[in-house]
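Using the working numbering, read the first sequence as starting at 1 and increasing by one per residue.
Since the structure comes first, as structure tokens, the remarks are kept for the end.
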Amino acid sequence: MDTIITRFPPSPTGTLHIGGARTALFNWLYAKKTNGKFILRIEDTDTARSTKESVDAILESLKWLGIDWDEGPYFQTERYDIYNEYIEKLVESGAAYYCSCTPDEVNVMREEAKARGLKPMYNGKCRQKNLKKSDNTVVRLKTPDSGVTIVKDIVKGDTAFQNSEMDDFIIQRSDGSAMYNLAVVIDDITMGINTIIRGDDHLINTPKQMLIYKALGADLPVFGHVPMVLGSDKSRLSKRHGAMSVGEYEKMGFLPDAMINYLVRLGWSHGDQEFFEKNDLIEKFDLEHLGRSASMFDTDKLVSLNSKHIQNKSPEELADPLLFHLKNIGINARNDAFTQGVIETLQPRSKTLVDMAQGAVFYYQDTVQFDEKAAKKFLKPDILPVLQKSVDYIEGLENYTQEELETVFKQIMDETDLKFGKIAQPLRVAITGTTVSPGIFEMLLALGKEKTILRIKRAIHFISESGLFQDNA
RNA sequence: GUCCCCAUCGUCUAGCCCGGUCCAGGACACCGGCCUUUCACGCCGGCGACAGGGGUUCGAAUCCCCUUGGGGACGCCA
């Protein structure tokens, strides 16, 4: 079997959005799975809307997702000579011709066609004129008047298009630049692309492109048109549905692997399996199980998958991504043993890295801020003996381990005749300032002996002070 | 207007190609419960769908037709 060569051809008119990322992913996965090649090509022929910033943003998002490419990025604007070469060939062979009709004239033709209950179309006026190239001529492809063009699509099945429904579309503008449908086909042919997975909004372009392949005598690639990703109201995904670019999801604290997992499951399935690591996907991905119907983007499911991926990673893997989000909230931490210990305590209770960063704040503060309600309820004089004993016993520990800590608190429970629940909450407030945190022991362990003692002492001080204040009042 | 695509729980989907094993399975969300030092995790249970109508057949979520609904495309955009 020939090497599978796929591609992803974004137009740099914005950031990489969800839908684009998914198509890129499908192509990338298929190439990886088959040991094929994945080519990146920038379709920037719309010079009015294309920007360098967009190119950079798209490349960056792709890298973040871990989608790498074997060739490229190629830029269509650097390939005009190649396109023109082929356009000339097409004109010479009679498959295409020059047309001097103005846009206004063509609009009239479209109106006429519509009036007759047809699709708005150019009527082929210049077809037989045998015009030469001049300043305001475009090149049009001569499309058949009858017959059908059948798109063999691996996800949609066979779809027949009446050739009479297609007009002689423009392949080269009057300024000499190539149009989308032509540039795509020439690129795909010259780059050896043999598998094209793209959004089904392109299905309608496919018969046109097939005509170009045919006129050039080139082999057809395998087509697969995947359904689009819709917003929560089933309309095309757009800004009003919330975040739609990959970069925004990074900022919201999602892991690239979770993103990939979610995206691939949106329109592809492997039985009942929901959770996939990247390698797993490469092994299991196939074209046979791509779905045929459009799907809605659901953030809840992404969140759920994200928390599973967070749980499934090692603290070490999570550290750098977390550091990024810690920095965003003003905490400069390092990827060290302390941070990894912190992460371990936070993994099961963080849905996103933003959650995790927020949950980690207390670990990095020199003096924790006591939540008013929490302090009022739990940091009261009657707990003083417990806190004092905690300090004394922990200070006396030879080994600061979970086992030893458990012994310490068992002893305190015995001596004070209090249940653990009565001890844990005040302690939690002393350590974190709030009533919600990781489990006591794992937290104390992650914090370290020194800081633990310091914080309990500070709580003792806090209680004594406020007690004094109350007495005076 | 014309053409094309699509149609299973609220959502993502399995099953459909090769009809019976499906009074339709899993996941997310939601609701209960268990676990428990808080919050979570985890576990158990509940709610909840074959768009409608006709065929074909002993038998249809699965095959055919129509209707309805949704999406997309009709550019000297990509």
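Backbone N, C-alpha and C define an ideal beta-carbon position, used for all residues, glycine too.
This structure is a prediction, so every number in the text was calculated from the model and none was measured.
Residue i, DSSP secondary structure in three states
i	result
H270	coil
R236	strand
A430	helix
S295	strand
G438	Looking at the sequence itself, residue 438 is Pro, so the reference to Gly does not match. Coil, per DSSP.
T23	helix
V185	helix
S390	helix
Y86	helix
Y80	helix
Y249	helix
Q425	helix
Y476	The displayed coordinates of the chain run from 1 to 473. Any statement about residue 476 would go beyond what the structure contains.
L230	strand
E398	coil
R173	coil
T13	coil
V303	helix
V91	helix
Residue i to residue j span [Cα, whole Å]
i	j	result
D417	I394	19 Å
K214	P227	26 Å
I196	A21	15 Å
I460	Q388	7 Å
K451	S245	41 Å
N52	E442	At residue 52 the sequence reads Lys, which differs from the Asn that was named. Straight-line Cα distance between these residues: approximately 48 Å.
F169	F324	50 Å
T3	L220	15 Å
G66	Y249	15 Å
S235	T435	43 Å
S464	E372	16 Å
R198	G36	17 Å
T352	G359	11 Å
S238	A337	42 Å
A160	I204	11 Å
E415	V429	22 Å
L230	A424	47 Å
T6	L16	18 Å
K32	V361	40 Å
K251	K313	19 Å
N332	F26	37 Å
K284	L445	40 Å
H270	T401	44 Å
E165	Y122	11 Å
D300	E344	24 Å
C-beta contact flag for residue i and residue j at 8 Å
i	j	result
I282	L29	yes
Y180	T45	yes
P438	L346	yes
Q340	P321	no
F38	W64	no
L216	Y86	yes
S50	S11	yes
I329	A357	yes
P426	L397	no
V155	R292	yes
F254	I18	no
Start and end residues, beta strand (DSSP E) containing residue i
i	result
I39	37-42
T149	148-153
F285	Unbroken run through F285: none, as it is neither H nor E.
A113	Note, A113: premise wrong, no beta strand (DSSP E); alpha helix (DSSP H) at 103-115.
A160	157-162
A48	Counting along the chain, A48 falls outside any beta strand (DSSP E), and DSSP gives it neither H nor E.
F75	71-75
I197	195-199
R7	5-8
Y98	96-99
Enclosing alpha helix (DSSP H) for residue i [first to last residue]
i	result
Q358	353-364
L141	Careful: L141 lies outside any alpha helix (DSSP H), inside the beta strand (DSSP E) at 138-141.
P207	206-216
I260	256-265
H325	315-328
E53	52-65
G341	337-346
Q402	402-416
F378	372-378
The ligand MG heavy atom lying under 7 Å from the CB of residue i
i	result
A375	Absent from the structure shown: the ligand MG. Ligands present: none.
Should the region 170-178 be regarded as contacting the region 143-162, the criterion being three or more beta carbon pairs within less than 8 Å? no
On the three-pair Cβ rule with 8 Å, is the region 106-117 touching the region 70-82? no
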